[in-house]
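Report on the structure given below.
There are 2 protein chains.
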Amino acid sequence: MTIIENNKDHANQILHRIYHRTSHAWRIGITGPPGAGKSTLVERLAIDFVKHNKTVGIVCIDPTSPFSGGAILGDRVRMSSLFLDPKIFIRSMATRGSLGGVARATNEVCDLLDAFHKDIIIIETIGVGQVELDVAGIANTTIVVLVPEAGDSIQTMKAGLMEIGDIFVVNKSDREGADRLTMEIESVLEMKNSQRTPPVLKTVATEGKGITDLYNCIMEHQKYLVSSGDFTKQKREKITSEIVELIDSKIKSNLWQNKKINSNLTLLVEKVIKGQQTPYHASEKLIKIWKNSRGVSR
Amino acid sequence: MTIIENNKDHANQILHRIYHRTSHAWRIGITGPPGAGKSTLVERLAIDFVKHNKTVGIVCIDPTSPFSGGAILGDRVRMSSLFLDPKIFIRSMATRGSLGGVARATNEVCDLLDAFHKDIIIIETIGVGQVELDVAGIANTTIVVLVPEAGDSIQTMKAGLMEIGDIFVVNKSDREGADRLTMEIESVLEMKNSQRTPPVLKTVATEGKGITDLYNCIMEHQKYLVSSGDFTKQKREKITSEIVELIDSKIKSNLWQNKKINSNLTLLVEKVIKGQQTPYHASEKLIKIWKNSRGVSR
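The following block contains the structure:
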């Protein structure tokens, strides 16, 4: 996992070799704003799956700050009860570097857990921008967790969160405003044009309330995906975007590891600063240089 | 602007032709969580700049939802007082489509406003993931706006926000917790290894309190950037990433408009689903096909 997370050279070789073992696990993404109680929910859900004789892998995407130099949130501490369970494996991933890269690395770590025969993989994201939405592309079932006190409620929600949820959870539902928020979410979901309207559940994760309902909803969603044919559609989309991303990153690294391109880029940037060139012509020039140098190396 | 926002074919030609007129305006990015009062702050700041005989362009990045079909927030309504001022031009941009694309389109709209001789361009983002952070790559001065009631305060802040601010504003500072939040921000900023520690200001935008201080801080930051040489550094980085993005998007469109690539992608995806192929080998195969078909077309 460390090799893969650090994007070392032979990561792709490893992933290629284990790929045929990777379509066993069901992947559950859990996303939502910070403070929604996602970690507690993940913990309770993991215990529930173990009770149903499933092995569980948990991947936590941690926001790290380049200058504070580590994870900001102490959520991992709360999951400590799980560390002793041999049926549960937990991996924290830092969001250092590009966020697109994190989504990809997370997917690859899920592939590894899958190859090692975890039945269930839970991916938890913490309010870190794009990754919050990207998790939907990695997971089979995406759960969006919200809490009553979320300010102006769904008005202030990150654009996109309403689109990606297969199941919505109003956690801390013993607090004021839980019913109103539930109704608001339901009324937005009604506008959605799809065969299946995502259910909205109320939970109090700290007390274990609603976890069985959530478990059942996940099972129902799994059944729905498989029987409706959406599972194959989901798989097709996922594989397509995996290949597209691999190609894009391979071409990019081929391009930017080219010394001729880099030295010409530096020269052209200075020309743009001096007003002798525009970025638009500069980019065309560099593409020509790349084409020619590829021609030479072939 | 509509041509550019919709990424029409001749957008790059237009941008190339106006490029030599685009280094006049000072670009101010305003970012922070929803509900921080950014729109009101932008409005007050714009009026202040007009008082100082500056022309102002405002670019608002609106979160839109694919299935609610429009802007979620009604912030624009609050800025209505500015619509009548001929010295102020307001443009709302939807965040439809890819977020990376929005950052680029925003930058290009700023170039247009710059070419049309706006002295000041204010870019306001609304809590929409990555764009919140990308604005720092577009702006000369980045202002991060926070409010006292932001939950667990800076603990729950989006990772990265603390890094990008040149000026921090605690808005709604007449509310409880403003002093504590200000101190917290200052203590985090002290850890930053840089020559200049960003100032933390208190404002009450609805009453116009602290706006003059903010105006002065922006002017100071401008002076600092120019005198320290960081302005040239910023410009160099910006132009470099502009060229890199142009090249990446040109190569991508060349690649994915290739019919041979697309038909082979479809075939290979089906092979992966059947377990006869992995995404890793599939991507290598497609790159080879692309190289050869480029060879033919040359």
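Order-wise, the sequence lines are chains F and A. Quick note on the working numbering: the first sequence kicks off at 1 and runs consecutively. Quick note on the working numbering: the second sequence kicks off at 1 and runs consecutively. C-beta: ideal position from N, C-alpha, C; glycine also. Since we're looking at a predicted model, the values are computed, not measured.
- Give a yes or no on whether the minimum CB-CB distance between Glu242/A and chain F is below 8 Å. On the second sequence, position 242 is the one that residue 242/A refers to. Chain F contact via Cβ: present.
- If you check the beta carbons only, do Ile138/A and Ile28/A fall under 8 Å apart? By 1-based counting over the second sequence, the position of residue 138/A is 138. By 1-based counting over the second sequence, the position of residue 28/A is 28. No.
- Query: Is there contact here, the region 216-231 of chain A with the region 255-263 of chain F, by at least three beta-carbon pairs under 8 Å?
  - Reply: Short answer: they don't touch.
- Message: I need the boundaries of the alpha helix (DSSP H) containing Gly137/A, first residue and last residue.
- Response: Locating residue 137/A in the second sequence gives position 137, where the first residue counts as 1. First-last of the alpha helix (DSSP H) with Gly137/A: 131-138.
- Going by beta carbon distance, what residues of the same chain come within less than 7 Å of Val50/A, once the five residues before and after it are set aside? As a working note, residue 50/A is residue 50 in the second sequence. Cβ within range, chain order: Val56, Asp85, Lys87, Ile88.
- Query: Considering only C-alpha positions, which residue in the set Ala46/F, Leu265/F, Ala178/F is nearest to Leu201/F?
  - Reply: Position 201 of the first sequence, counted from the start, is the residue given in the question as residue 201/F. Closest option to Leu201/F, Cα to Cα, is Ala178/F.
- Item | Cutoff 8 Å: Val144/A Cβ touching any chain F Cβ | Here residue 144/A is taken as the residue at index 144 of the second sequence, counted from 1. No - not a single Cβ of chain F is within 8 Å of the one on Val144/A.
- Task: Using a cut-off of 9 Å between C-beta atoms, extract the partners of His16/A located in chain F.
- Result: To locate residue 16/A, count along the second sequence from 1; it is residue 16. Within 9 Å Cβ-Cβ: Thr278, Pro279, Tyr280, His281.
- Helix, strand or coil at Thr206/A according to DSSP, with G and I counted as helix: For the purposes of this step, residue 206/A is identified with residue 206 of the second sequence, where counting begins at 1. DSSP places Thr206/A in helix when its eight states are reduced to three.
- Assuming Leu146/A contacts Leu181/A (C-beta within less than 8 Å), just tell me the rounded distance between them. One-based indexing of the second sequence puts residue 146/A at position 146. One-based indexing of the second sequence puts residue 181/A at position 181. About 6 Å; that satisfies the 8 Å criterion.
- First and last residue of the beta strand (DSSP E) that includes Thr125/F? Residue mapping note: residue 125/F aligns to position 125 of the first sequence, counting from 1. First-last of the beta strand (DSSP E) with Thr125/F: 120-125.
- Tell me, please, whether the CB atom of Asn12/A is closer than 8 Å to any CB atom in chain F? Taking the second sequence and counting its residues from 1, one reaches residue 12/A at position 12. Yes, because at least one Cβ of chain F sits closer than 8 Å to the Cβ of Asn12/A.
- Query: Taking a cut of 8 Å between CB atoms, which residues from the region 180-196 of chain F lie near chain A?
  - Reply: Listed by position along the chain: Val188, Met191, Lys192, Asn193.
- Message: Quick check: is the beta carbon of Gly275/F nearer than 8 Å to any beta carbon in chain A?
- Response: The residue labelled residue 275/F in the question sits at position 275 within the first sequence. It does: the Cβ of Gly275/F has a partner Cβ on chain A nearer than 8 Å.
- Message: I'd like to confirm something about Val56/A: is its beta-carbon nearer than 7 Å to some heavy atom of the ligand MG, or not?
- Response: Ligands in the displayed structure: none, and consequently the ligand MG is not present.
- Item | Residues near Ser68/A by beta carbon distance below 6 Å, same chain, minus five either side | Locating residue 68/A in the second sequence gives position 68, where the first residue counts as 1. Only weak support is given to the placement of Ser68/A: the predicted model assigns it a pLDDT of 35, under 50, and the question is left unresolved by the model.
- Task: Report the option in Ile126/F, Glu108/F, Asn171/F whose CA atom is closest to the CA atom of Arg44/F.
- Result: Translated into the one-based positions of the first sequence, residue 44/F becomes position 44. It is Asn171/F.
- Identify, in the order they occur along the chain, each residue of the same chain with its Cβ nearer than 7 Å to the Cβ of Ser293/A, setting aside the five sequence neighbours on each side. Start at 1 with the first residue of the second sequence, and residue 293/A comes out as number 293. Hits under 7 Å: Asn258, Lys260.
- Message: For Asn107/F, count the other beta carbons within 10 Å of its own beta carbon; 16 or more makes it buried, fewer makes it exposed. Which is it?
- Response: As a first step, residue 107/F is located in the first sequence; it is residue number 107 there, counting from the start. That one is buried.
- Message: Can you pull the chain F neighbours of His52/A, defined as C-beta to C-beta under 9 Å?
- Response: As a first step, residue 52/A is located in the second sequence; it is residue number 52 there, counting from the start. Residues of chain F passing the Cβ test: none, with the nearest at roughly 28 Å.
- Look at the alpha carbon of Leu225/F and the alpha carbon of Asp114/A, and state the distance between them as a whole number of angstroms. Stepping through the first sequence from its first residue, residue 225/F is reached at position 225. Stepping through the second sequence from its first residue, residue 114/A is reached at position 114. Rounded to the nearest whole angstrom, the CA to CA distance from Leu225/F to Asp114/A is 50 Å.
- Item | Sequence-distant residues of the same chain with beta carbon closer than 7 Å to Ser98/F, five excluded per side | Stepping through the first sequence from its first residue, residue 98/F is reached at position 98. For Ser98/F, the pLDDT reaches just 46, beneath the cut-off of 50, and the residue's location in the model is therefore unreliable, although a value from the coordinates is still provided. Around Ser98/F: no qualifying Cβ.
- Query: Starting from Val42/A and walking both ways along the alpha helix (DSSP H), at which residues does that stretch end?
  - Reply: Counted from its first residue, the second sequence places residue 42/A at position 42. That run of the alpha helix (DSSP H) goes 38-51.
- Query: Name the chain F residues whose beta carbon is nearer than 7 Å to that of His20/A?
  - Reply: In the second sequence, residue 20/A corresponds to position 20, counting from 1. In chain order: Gly275.
- Task: State buried or exposed for Asn140/F, treating a residue as buried only when at least 16 other CB atoms are found within 10 Å of its CB.
- Result: Counted from its first residue, the first sequence places residue 140/F at position 140. Asn140/F should be labelled buried.
- Could you tell me which of Ile3/A, Ile18/A, Ser23/A, Asn12/A sits nearest to Ile273/F, measuring between CA atoms? What you label residue 273/F is simply residue 273 of the first sequence in a count that begins at 1. Nearest option by C-alpha distance: Ser23/A.
- Message: Taking the alpha carbon of Glu207/A as the reference point, which residue from Thr40/A, Trp26/A, Ile18/A, Ala36/A has its own alpha carbon closest?
- Response: One-based indexing of the second sequence puts residue 207/A at position 207. Minimum Cα distance to Glu207/A is reached at Thr40/A.
- Go ahead and pull the three-state DSSP assignment for Phe168/A. In the second sequence, the residue the question calls residue 168/A occupies position 168. In this structure, Phe168/A counts as strand in the three-state DSSP scheme.
- Message: Quick check on Gly160/F: does DSSP put it in helix, strand or coil?
- Response: For this step, residue 160/F is matched to residue 160 along the first sequence. Looking at Gly160/F - three-state DSSP - the assignment turns out to be coil, as it is neither helix nor strand.
- Task: Report the neighbours of Arg236/F on chain A: residues whose CB is nearer than 7 Å to its CB, in chain order.
- Result: On the first sequence, position 236 is the one that residue 236/F refers to. Chain A residues near Arg236/F: Val269, Ile273.
- Task: Return the residue from the list Glu245/A, Gln276/A, Gly275/A that minimises the CA-CA distance to Ala105/A.
- Result: As a working note, residue 105/A is residue 105 in the second sequence. Measuring from the Cα of Ala105/A, the nearest candidate turns out to be Glu245/A.
- Task: For Leu300/F, return the contacting residues in chain A, with the cut-off set at a CB-CB distance below 8 Å.
- Result: No answer is possible for residue 300/F: the residues shown for chain F start at 1 and end at 298.
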